[in-house]
Amino acid sequence: MELEEAFRSRGRTSGGGGGCSAGGPDRLSALPDCLIHVIMSFMKSRQAVQTCVLSRRWRYLWHSVPCLDIGFDEFKKTLCASGDSFGTGGNDNSGFNDNNKHKDKDEYKDWENFEDFAVNMMLSCNIAQLDSFRLRVDGSRAPEFSNRQIAGWLRRAMKYCTLDPVSQRKGLSSGYWRLKRLHLCQVPLDNRFMKHVGSVCHSLEDLELDSCTCEIQSITSNSLKNLVLKDCRWHKLSDITSPTLKTLVIDNGLNGDTCLLAILAPAISNLHLDVFVDDFSGGISINKVSSLAKASIILKGHIYERTASKLCGNQFKLLCSISNAISLVLAGVGTTVLGEESRFQEFKNLRNLLLDNCDLSDNFRTLVFFLKSSSNLEKLTLQHCMFPKYSKEIIKTPIPNKTSSSEFRGLDLLCENLKVEIIYGYGYGPHLIQLLLRISVNLSKNNIKLTRVK
């Protein structure tokens, strides 16, 4: 292993001493192990192992680091530039083939080094005793069989990990893990993995899955506080259940056809949902959340009214489930988001509302709904929204001081001290400001900000 080679090399250059430099005391070696472990926690695992060669006393400290961060990016090697790779001969195909062979060999060599290191670290450093574990794989540089390999690493590491004797003497069972943070990138996961995590990781607080292929049907935990699911491919994820969850992020990804994802997290305070409606065609439901500081609902593709997905069309129930939000971002929705006959729903806690790339061309119906429902609204931002088509006809005509037209009914901004910001790239932003000033009782010009972006 590279650690042993590093020690042999260091012994030859320093005469096998205890690591003191020629002219002064060895201050690094005097540092306590607990402090070295803290420093190593901020390093990637390969760097932590290499750091152990700085002092003979640190030689085996990497066995007991509290955090593992194993990434394939540390083992990538930059291939020779094209100008150096080819010979001077113009049509020497043999040289081209030789270079391709060397290139393939180098790529697999990187993977072999990564595999050796990862397996050794995962078996030598007991996962059950870790505070944080991160495993990142680059699927574009991995062999075809890498998915099965990685899944096997995790299964073996979980199967053979046990608590240290000190923890067992404290009364903790052999199946108890103290792991608090788990981050997996481009790792294939099956339902057995999640069941194992749920049964033994009673201290797990942060779980992040990035670009993973998952056959997980349910994510259940009584300890999770933060859950991030980014660009993951799900077979049939049906529910996320956690009474302790505070932050939930679902960023893109793909769920199985016709599979409804139910989110049961009553204590959640920060929700970020950013998906393509066609990729979650079975829909997403959220239980009523009592205290929600910030919610972002971004439904990409909703504006095109593709009826094949249950995330298209009427999403009134989804909006009602987050009606206690203090700050709300609603993006990408079309005119059908409230259904044909939406009922009244009070957003009594709402202070900040951002409508981004929303279709308001149906006489501002969505905007009117929120203005009527949010009596305590303080900041309204309209960003790159689609406004009614009649703006083209009346842009050059004066607006009357008072209007009772049905197209403006309910648009009066009754919220006191409301600040409005309109961000637009083209269209009738200035004209919309004139419209709001004429029909609103409380809105003043000083509380309106107009921003044009190219």
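Residue numbering for the sequence shown follows our numbering, starting at 78 and increasing by one per position. Ideal Cβ positions, reconstructed from N, Cα and C, are used throughout, including at glycine. None of the values given here were measured: they were computed from a predicted structure.
ask   = Per DSSP, what kind of secondary structure is serine 404 in: helix, strand or coil?
value = Mapped onto the sequence shown, residue 404 falls at position 327. The answer is strand: DSSP assigns serine 404 an E or B state.
Among the residues of its own chain, which have a CB less than 6 Å from the CB of tryptophan 311, if the five just before and after it don't count?
-> For the purposes of this step, residue 311 is taken as residue 234 along the sequence shown, with counting starting at 1. Cβ neighbours of tryptophan 311 beyond the five flanking positions: Cys291, Asn332.
| request: May I have the straight-line CA-CA distance separating phenylalanine 464 from serine 362, to the nearest angstrom? | output: In the sequence shown, residue 464 corresponds to position 387, counting from 1. In the sequence shown, residue 362 corresponds to position 285, counting from 1. Approximately 29 Å, taken between the alpha carbons.
Next on the checklist: For serine 209, which residues in the same chain have their Cβ closer than 6 Å to its Cβ, ignoring the five residues on either side in sequence?
Outcome noted: As a working mapping, residue 209 is identified with position 132 in the sequence shown. Excluding residues within five positions, the ones whose Cβ falls inside 6 Å are Cys144, Arg258.
Within 10 angstroms of the Cβ of glycine 411, are there 16 or more other Cβ atoms? Answer buried if so, exposed if not.
The count along the sequence shown starts at 1 and reaches residue 411 at position 334. It is buried - the Cβ of glycine 411 has at least 16 other Cβ atoms within 10 Å.
**Study point:** Best match in Ile525, Tyr137, Ala372, Gly502 for proximity to glutamine 511 [C-alpha to C-alpha]
**Key:** The residue given as residue 511 occupies position 434 in the sequence shown. Comparing Cα positions, the closest option is Ile525.
| query | Which of helix, strand or coil does DSSP assign to asparagine 434? | reply | Within the sequence shown, the letter at position 357 stands for residue 434. Asparagine 434 falls in the coil class under three-state DSSP.
TODO: Would you kindly report the start and end of the unbroken beta strand (DSSP E) that includes leucine 304?
DONE: The sequence position of residue 304 within the sequence shown is 227, counting from 1. Start and end: 303-307.
_Rounded to whole angstroms, what is the Cα-Cα separation between arginine 529 and alanine 195?_
Within the sequence shown, the letter at position 452 stands for residue 529. Within the sequence shown, the letter at position 118 stands for residue 195. Arginine 529 and alanine 195: Cα-Cα distance of roughly 51 Å.
Worksheet entry | Among Ser438, Asp308, Thr297, Gly360, nearest to alanine 342 - alpha-carbon criterion | Here residue 342 refers to the residue found at position 265 of the sequence shown. For the residues Ser438, Asp308, Thr297, Gly360, the minimum Cα distance to alanine 342 belongs to Thr297.
- prompt: So, are the CB atoms of valine 352 and isoleucine 327 less than 8 Å apart?
  reply: The sequence position of residue 352 within the sequence shown is 275, counting from 1. The sequence position of residue 327 within the sequence shown is 250, counting from 1. Yes, Cβ-Cβ distance for valine 352 and isoleucine 327 is below 8 Å.
Is it true that the CB of asparagine 434 sits closer than 8 Å to the CB of glycine 409? For the purposes of this step, residue 409 is taken as residue 332 along the sequence shown, with counting starting at 1. For the purposes of this step, residue 434 is taken as residue 357 along the sequence shown, with counting starting at 1. Yes; because the gap between Cβ atoms is below 8 Å, this pair is in contact.
- Query: To which residues of the same chain is glycine 160 closer than 6 Å at the C-beta, ignoring the five residues directly before and after it?
  - Reply: On the sequence shown, position 83 is the one that residue 160 refers to. Residue placement at glycine 160 cannot be trusted, given a pLDDT of 40 that sits under 50; the coordinates are not used to answer.
To which residues of the same chain is tyrosine 381 closer than 6 Å at the C-beta, ignoring the five residues directly before and after it? In the sequence shown, counting from the first residue as 1, residue 381 sits at position 304. Nothing meets the Cβ criterion.
- In whole angstroms, what separates the C-alpha of phenylalanine 357 from that of leucine 306? Locating residue 357 in the sequence shown gives position 280, where the first residue counts as 1. Locating residue 306 in the sequence shown gives position 229, where the first residue counts as 1. The alpha-carbon atoms of phenylalanine 357 and leucine 306 are separated by roughly 14 Å.
Review point. With DSSP run on the structure shown, which of helix, strand or coil describes glycine 94?
Key: Mapped onto the sequence shown, residue 94 falls at position 17. A caution first: glycine 94 carries a pLDDT of 43, below 50, which makes its placement in the model unreliable, though a value can still be read off. Of the three classes helix, strand and coil, the one that applies to glycine 94 here is coil, per DSSP.
* Exposed or buried, which one is histidine 379 when buried takes at least 16 other CB atoms within 10 Å? -> One-based indexing of the sequence shown puts residue 379 at position 302. When all chains shown are included, histidine 379 counts as buried.
### Query
Among residues of its own chain, excluding the 5 on either side of serine 481, which ones have a beta-carbon nearer than 8 Å to its beta-carbon?
What you label residue 481 is simply residue 404 of the sequence shown in a count that begins at 1. Legend: pLDDT at serine 481 = 46, less than 50; position of this residue unreliable, value from coordinates given subsequently. Around serine 481: no qualifying Cβ.
* **Euclidean distance between Cα positions of leucine 513 and lysine 496** => Indexing the sequence shown from 1 puts residue 513 at position 436. Indexing the sequence shown from 1 puts residue 496 at position 419. Roughly 12 Å between the two C-alpha positions.
Discussion item. Measuring alpha carbon to alpha carbon, tell me which residue in Ser201, Gly148, Leu431, Ala385 is nearest aspartate 187.
Written reply: On the sequence shown, position 110 is the one that residue 187 refers to. The option with the nearest alpha carbon to aspartate 187 is Gly148.
What does a CB cutoff of less than 7 Å around glycine 167 pick up in its chain, not counting 5 residues either side in sequence?
In the sequence shown, the residue the question calls residue 167 occupies position 90. The pLDDT assigned to glycine 167 is 46, lower than 50, so where the model puts this residue is not dependable; a value taken from the coordinates is nonetheless given after this. Once the five neighbours on either side are set aside, glycine 167 has no close Cβ partner at all.
- Provide the residue span of the alpha helix (DSSP H) that contains histidine 273, from first to last. Residue mapping note: residue 273 aligns to position 196 of the sequence shown, counting from 1. From DSSP, the alpha helix (DSSP H) with histidine 273 extends over 268-277.
Fill in: Reduced DSSP category for histidine 140 - H, G, I as helix; E, B as strand; rest coil
Sequence index remark: in the sequence shown, residue 140 carries index 63 (1-based). DSSP places histidine 140 in helix when its eight states are reduced to three.
* **Option nearest cysteine 336 by Cα separation, candidates Ser346, Cys289, Lys387** => Counting from one through the sequence shown, the residue named residue 336 turns up at place 259. Of Ser346, Cys289, Lys387, the residue nearest in Cα terms is Lys387.
Report yes if the CB atom of leucine 314 is closer than 8 Å to the CB atom of leucine 338, and no otherwise.
Counting from one through the sequence shown, the residue named residue 314 turns up at place 237. Counting from one through the sequence shown, the residue named residue 338 turns up at place 261. Yes, Cβ-Cβ distance for leucine 314 and leucine 338 is below 8 Å.
Subject >> Cross-strand partners of valine 414 (DSSP beta bridge) >> reply: Walking along the sequence shown from the start, residue 414 turns up at place 337. None; valine 414 has no bridge partner.
_So, at 6 Å on beta carbons, what are the nonlocal neighbours of arginine 87 in its own chain, with the 5 sequence-adjacent residues on each side left out?_
Taking the sequence shown and counting its residues from 1, the one referred to as residue 87 is at position 10. Caution is warranted here: a pLDDT of 45 is assigned to arginine 87, below 50, making its placement in the model unreliable, and the coordinate value is therefore given only provisionally. For arginine 87, where only same-chain residues beyond five positions count, the Cβ hits under 6 Å are Val130.
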